[in-house]
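Each protein sequence line maps, in turn, to chains A and B.
Using the numbering used here, the first residue of the first sequence is number 1, and each one after it goes up by one.
Using the numbering used here, the first residue of the second sequence is number 1001, and each one after it goes up by one.
Take a look at the structure set out below.
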Amino acid sequence: MTLDEMEKEVVRLEDIQEIEDLERKYGYYFDTRRVRDVLDLFSEHTTSVEIESHGQYFGKDGVRRMYAVGVGGEAETALKDVVARRDKSSGAGFNIITQLQGVVTLGATGETAKGRWQVWLAESFPFAGRFGQYWLHGYYENEFAKDDGKWMFTKLFWNTTFFTRYETGWIVQPIVGFLPMPNPDTPPTAFHPYPSGYHFPYSFRHPVTGEEDAAVFRYRHPMAT
Amino acid sequence: MATLEELQARIQRLDDIKQIEQLQKIYGYYMDYAEWQKVVDLFSDKDPSVEEADRGVYKGKERIKKYFIDLLGGGPGKTPRPGWLSIMFQLQGVVTCDISATTAKARWYGMGMEAKPTTSLHEGELRQTWISGVYENEYVKEDGKWKIKKLHFNLTFRTPYEDGWLKVPVVGQTGPDSKILPDEPPTAYFPYPSGFHLPVSFKHPITGK
Chain A
1 MTLDEMEKEV VRLEDIQEIE DLERKYGYYF DTRRVRDVLD LFSEHTTSVE
51 IESHGQYFGK DGVRRMYAVG VGGEAETALK DVVARRDKSS GAGFNIITQL
101 QGVVTLGATG ETAKGRWQVW LAESFPFAGR FGQYWLHGYY ENEFAKDDGK
151 WMFTKLFWNT TFFTRYETGW IVQPIVGFLP MPNPDTPPTA FHPYPSGYHF
201 PYSFRHPVTG EEDAAVFRYR HPMAT
Chain B
1001 MATLEELQAR IQRLDDIKQI EQLQKIYGYY MDYAEWQKVV DLFSDKDPSV
1051 EEADRGVYKG KERIKKYFID LLGGGPGKTP RPGWLSIMFQ LQGVVTCDIS
1101 ATTAKARWYG MGMEAKPTTS LHEGELRQTW ISGVYENEYV KEDGKWKIKK
1151 LHFNLTFRTP YEDGWLKVPV VGQTGPDSKI LPDEPPTAYF PYPSGFHLPV
1201 SFKHPITGK
């Protein structure tokens, strides 16, 4: 291996690590409602962002509308103000959005990448007339690009498996309710929660056979025989 | 100052660890979607083995195929029944590469949420369960690709959602299958509250023990 080839290998390994860290940091920022910091993780060339049943938002402007207005209140609000306001209102609303099991696949040029994660949440917030505690699960398929030597999100897509009450569990109540946001650009694009059997396509190839994901949606109606 | 060869070996080692981590995580994603053939294809052709919970050990590629496709999958081409759910996080991997850089071991936590038919008072009913356990796996590099050589999932608990691990540590699955028999009995099936510690594959990072 020449020095040039070795440098390429080091850059590739660093890129994967940086993207894995980026995704984890996104989770930590989101958990503490650091909306400004979340926004800054997204490229100006972001194509779309879609979470749960919030609907799909296009472009960096969509990212602002989704996170700033939808999730966190005003984008420019300082963390301490958000915390102070929430202390006054609901008190114990919180979320832990764990970013797990990342598999990053770099594009051929090394300037773009895709990655799959599991997303698993413990949350509490007021919904359907009462304060509740919830488990949520889904899979991410996200996209990234290197802008000025820094990795950023260009697409974030969270595909929901379930959103259930702590007291009941996913088999009893897979979806507590819908969480629509104001003014998405499109409705949710692949909202097929449990028990649909939806196959959310993998971005990675089979590590041994090299086969691409055929993404067969094996939906079976619960009354099918 | 390291030589080019030494640097190359160190880069290769980092790449090997990353590839093994991805292999195990992808194994998890395929298991979640009941993609049994794709799971089988992750295993080495040379003397692989699989053992999960109290199902016993299946040895060799053909038996592994039998285990995943026929035993877990219900036969070739079968799809899981409506309501079947399998989510198993592949967490906290510690990969130890052998000095030859062609074999490796790794420990992982498997933690998940399931809805599966269980052997219980109401035979075959779907129940929602929490599952947790530890993997100690082995890997081998063949033709430049890392594959699973040995997969061992050591169950800690599989508890009904409604009960929890203290009340009901394990529900469902009571020993090896009676039709598709394993090649060897379970080697280390001691779920909670046994206090069993599955031996770790890594050495102490400070003392080297």
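Note that the Cβ used here is the ideal one computed from N, Cα and C, for glycine as well.
Next item on the list: Report the rounded CA-to-CA distance for Leu1126(B) versus Thr1159(B), giving the unit in angstroms.
Entry: Cα to Cα, Leu1126(B) sits roughly 13 angstroms from Thr1159(B).
Checklist line | Residue interval of the alpha helix (DSSP H) (run including Arg1013(B)) | finding: Counting along the chain, the alpha helix (DSSP H) containing Arg1013(B) begins and ends at 1004-1032.
Item checked: Reference Tyr1027(B), options Gly149(A), Phe204(A), Asp61(A), Gln17(A), closest by Cα -> Ranking Gly149(A), Phe204(A), Asp61(A), Gln17(A) by Cα distance to Tyr1027(B) puts Phe204(A) first.
Check: Skipping 5 residues on each side, what residues in its chain have a beta carbon closer than 8 angstroms to that of Tyr1181(B)?
Finding: Note that residue 1181(B) is Leu in the sequence shown here, rather than Tyr. The answer, listed in chain order, is Gly1056.
Item checked: C-alpha gap between Tyr1189(B) and Arg34(A), whole angstroms -> Distance between the alpha carbons of Tyr1189(B) and Arg34(A) is about 45 angstroms.
Notebook entry, point to check: Shorter than 7 angstroms from the beta carbon of Gly1083(B) to some beta carbon of chain A?
Noted result: It does: the Cβ of Gly1083(B) has a partner Cβ on chain A nearer than 7 angstroms.
Notebook entry, point to check: Any residues in the stretch 1145-1157 of chain B with a beta carbon nearer than 9 angstroms to a beta carbon of chain A? Which ones, in chain order?
Noted result: Cβ contacts with chain A: Lys1145, Trp1146, Lys1147.
Checklist line | Contact check, Tyr1030(B) vs Val1039(B), beta carbons under 7 angstroms | finding: The beta carbons of Tyr1030(B) and Val1039(B) sit closer together than 7 angstroms.
Next item on the list: Please report the Cβ distance between Gln1019(B) and Trp1108(B), rounded to the nearest whole angstrom; I am assuming they are in contact, meaning their Cβ atoms lie under 8 angstroms.
Entry: No, Gln1019(B) and Trp1108(B) are not in contact; Cβ-Cβ is about 15 angstroms, not under 8 angstroms.
Next item on the list: Quick one: residues in its chain with C-beta nearer than 6 angstroms to the C-beta of Val1168(B), no 5 flanking neighbours on either side, listed in chain order?
Entry: Cβ contact annotation for Val1168(B) (same chain, cutoff 6 angstroms, sequence separation greater than five): Thr1159, Pro1160, in chain order.
Next item on the list: Kindly indicate if chain A contains any beta-carbon less than 7 angstroms away from that of Ala1002(B).
Entry: Not closer than 7 angstroms to any Cβ of chain A, the Cβ of Ala1002(B) fails to qualify, so no.
Checklist line | Residues near Leu1198(B) by beta carbon distance below 7 angstroms, same chain, minus five either side | finding: If we look at Leu1198(B) and ignore the five residues flanking it on each side, its Cβ neighbours are Val1134, Glu1136, Asn1154, Ala1188.
Margin query: Could you tell me the alpha carbon to alpha carbon distance between Lys150(A) and Tyr26(A), rounded to whole angstroms?
Written below: In a straight line, the C-alpha of Lys150(A) is about 14 angstroms away from that of Tyr26(A).
Item checked: Neighbour flag for Val230(A) against chain B, beta carbons, 7 angstroms -> As shown, chain A starts at 1 and ends at 225. That puts residue 230(A) outside it, with no answer to give.
Next item on the list: Just the C-alpha distance for Trp1130(B) and Glu167(A), rounded to the nearest angstrom, thanks.
Entry: If you take the alpha carbons of Trp1130(B) and Glu167(A), they lie about 14 angstroms apart.
Checklist line | Strand pairing of Val119(A), partner residues [DSSP] | finding: Paired residue(s): Gln99(A), Gly138(A).
Checklist line | Residue range of the beta strand (DSSP E) that includes Val1140(B) | finding: It spans 1126-1142 - the beta strand (DSSP E) in which Val1140(B) sits, taken as one unbroken run.
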